[in-house]
Amino acid sequence: MFKVIVHKRALKYLNKLTSPKKTKIKELLTELIDNPIQHEDVKPMLGEWKGYYRIRMGNIRLIFWVDQDKKIIYVDHIGPRGDVYK
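Using the working numbering, the first residue of the sequence shown is number -12, and each one after it goes up by one.
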């Protein structure tokens, strides 16, 4: 079982969302706790984002990386598709 740590910039965006979207993201993170890389919607990222993973929820993206040794998921960015990769 993994622990989830959310970066403050991701929390800032999360707090701006409506309640139903917040709930869906929290449910998604709960699903990732058991096996973050094997989740069906998780895709590895390439280029400058190598080592990170992304998961899609409509037009919102969650960008995270996983420390397998410490069993921690670091959520680095949460945001709309057009902004999150900048």
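Idealized CB from N, CA, C, for every residue including glycine.
Computed from a predicted model, the values in this text were never measured in an experiment.
| Item | Value |
| --- | --- |
| Tell me which residues share the same chain as A101 and place their Cβ nearer than 7 Å to its Cβ, disregarding the 5 neighbours each side in the sequence. | Only positions -12 to 73 of the chain appear in the structure, and residue 101 is not among them; the question remains open. |
| The alpha helix (DSSP H) spanning G69 covers which residue range? | 68 to 71 |
| Tell me W52's beta-bridge partners as DSSP assigns them. | Y61 |
| The beta strand (DSSP E) that contains Y40, what's its start and end? | 40 to 44 |
| Out of G45, V71, V(-7), N22, state which residue places its alpha-carbon closest to the alpha-carbon of K11. | G45 |
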